[in-house]
Structures are given as structure tokens and as C-alpha cells.
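S.K.: Here you go, one structure.
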Amino acid sequence: MTHERIMAEAERIKALGEASESRAPYPVNQPTIGAWLDAMGYDNQRFRQGEAPPSMAQVWTMPGLGRRRPDDDPLSRMMELLTAEGYTAVLGTNCEQTYERYLRVGEQLRVTTALDSVVGPKSTAMGEGYFVTSRNTWYVVHPDGRSEKVATMLFRVLKFIPKERP
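Residue numbering for the sequence shown follows UniProt numbering, starting at 1 and increasing by one per position.
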């Protein structure tokens with residue numbers, strides 16, 4: 001019955017759509033862009049003059065230390081259920097990002113999260129598990145209240161029961 005419980009909960013969470021929303025605690029800003037460029041060892045004058053590298057979309061809304069994901073976060077809810085069912089290990093397997101446009105200093109972001117899919121059980125070299133894919137969509141919130149989609153990300157992880165080692 002474990003598989004049926006897992007898939008029923010996945011369908012329930014998926015039906016909620018973009019159930020979770022978070023706002024970036026800070027607007028896009030040059031000091032964070034500069035620190036990111038330095039950490040990545042990447043230098044491009046374009047990104048030192050008011051634009052953010054597209055691959056930074058996630059940086060602005062990551063919970064970081066001391067903050068938590070929203071209680072209704074679909075990925076967290078699915079991971080908690082799988083943990084409770086004995087699937088205790090995690091392996092990041094895939095991340096696909098799409099960018100609509102560059103972000104500019106001063107823009108305020110929000111992100112929504114939805115559960116895209118749960119596939120399994122699959123037998124892998126690591127153990128039996130489920131591939132869980134969430135879909136994040138980032139929006140710039142304009143001063144007039146309208147939102148503009150600027151990036152999306154499919155994030156897929158394998159949540160599994162580790163194989164016994166001899």
C-alpha cells in the first residue's frame with residue numbers, strides 16, 4: 001500500500017497547482033551580484049553594471065540560513081512523505097532552467113512552486129526510489145502590482161531507500 005499512498009499524495013499536491021509562493025527578502029542588488037560573480041570566478045562587465053546573470057534567478061529567493069520554506073511548499077511536503085515511508089536518502093539528479101530575460105538591479109522577485117511529477121518506484125544503483133520533480137517559476141513584481149515571468153526551473157531529485165552494503 002506504500003506506493004498507493006505515495007501516488008495519492010502526489011496527485012493531491014499536484015492538484016493544488018502553484019500552491020507555494022515566496023517573495024525575495026531583498027531586491028536584485030549589485031553587491032550580491034558582485035559576490036556571486038566573485039564566488040563563481042566569472043567576470044563580465046555587463047553584470048557589474050546593473051544586470052544579473054540569468055542563472056542567479058534562484059539566488060534571490062533561496063531561504064538561506066534562519067529562514068524556512070513556506071509550510072505549503074510542495075517539494076518539502078512530498079519529501080517529508082517519502083521520508084516517513086522509509087525513503088530517507090536524497091540524490092540531486094537534474095535541474096533544467098529557462099530564462100525569459102535578464103534581471104535588473106532594483107527589481108523585486110517572487111517565486112511559485114508546484115509539484116510537477118512523481119515517478120516510481122524505480123530500481124537504481126543507489127536503491128529503490130522515486131524521482132520527484134518540482135517546478136519553480138520566478139516573476140518580477142512591478143510597482144503597479146503586475147507580475148512578469150522571468151525564469152522557470154524543473155528540479156528533479158531521487159528520494160530512495162539505500163541498498164544494503166555487504
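C-beta: ideal position from N, C-alpha, C; glycine also.
(1) Consult DSSP for A19 and reduce its assignment to one of helix, strand or coil.
(2) Does the count of Cβ pairs from the stretch 76–92 and the stretch 9–17 closer than 8 Å reach three?
(3) By the 10 Å Cβ neighbour count, where 16 or more other Cβ atoms means buried, how is Y26 classified, buried or exposed?
(4) Helix, strand or coil for residue 168? Go by DSSP, reduced to three states.
(5) Going by DSSP in three states, P143 sits in which element: helix, strand or coil?
(6) Pull up the distance between the alpha-carbon of Q108 and that of D38, whole angstroms please.
(7) Let's see if you can read the secondary structure: which residues bound the beta strand (DSSP E) around L91?
(8) So, with DSSP's three-state summary, where would you put L65?
(9) Which residues in the same chain have their Cβ closer than 6 Å to the Cβ of A57, if we skip the five residues on either side of it in sequence?
(10) Could you name the residues of the same chain whose beta carbon sits closer than 7 Å to that of G129, not counting the 5 residues immediately before and after it, in chain order?
(11) Within the continuous alpha helix (DSSP H) that includes A39, where are the two ends?
(12) Between V111 and P63, what straight-line distance do the alpha-carbon atoms span, to the nearest angstrom?
M.R.: According to the data block:
(1) Residue state, collapsed to three classes: coil.
(2) yes
(3) exposed
(4) The chain is shown from 1 up to 166; residue 168 falls before or after that span and cannot be answered.
(5) coil
(6) Those two C-alpha atoms are separated by around 23 Å.
(7) A89 to Y99
(8) coil
(9) Same-chain partners within the cutoff: W138 and A151.
(10) Cβ neighbours of G129 beyond the five flanking positions: Y87, G120, P121, K122, L158, K159, F160 and I161.
(11) Note, A39: alpha helix (DSSP H), Q30 to M40.
(12) In a straight line, the C-alpha of V111 is about 11 Å away from that of P63.
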